[in-house]
């Protein structure tokens, strides 16, 4: 297994792609956090006040990568669709 196939690297890459797509297509801010211990998480601020943040994770589920957020999930392979769903969830329509 090469370095770019490790789950941690795949997870970070998927979240970075989603972070970029949220800004480009949805005009939606997001923050990719890479802690010293644990896994990367993408935080997306909601539009409503008081502001709440939506955490987005990338998980390997039975050999398929998914973005999970709230009680929803989206296939990680379709970044545009995932970005639209995340943006809608935080109130950007």
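Numbering (the working numbering), first residue to last: 74 to 166. Note that CB positions come from ideal geometry on N, CA and C, so glycine has one too. Computed from a predicted model, the values in this text were never measured in an experiment.
Cβ separation of residue i and residue j, assumed to be a contact under 8 Å, to the nearest whole Å
i	j	result
residue 163	residue 120	6 Å
residue 131	residue 79	The pair is not a contact, with the Cβ atoms about 13 Å apart (cut-off 8 Å).
Span separating the alpha-carbon of residue i from that of residue j
i	j	result
residue 156	residue 98	8 Å
residue 142	residue 127	7 Å
residue 159	residue 122	18 Å
residue 148	residue 87	11 Å
residue 161	residue 100	12 Å
residue 154	residue 96	14 Å
Exposure label - residue i; buried when at least 16 CB within 10 Å
i	result
residue 129	buried
residue 140	buried
Residues of its chain near residue i, where Cβ-Cβ distance is below 7 Å and the 5 sequence neighbours each way are ignored
i	result
residue 125	119
residue 107	85 and 113
residue 152	90, 91 and 94
Closest Cα partner of residue i within the set the options
i	options	result
residue 103	110, 109, 111 and 116	116
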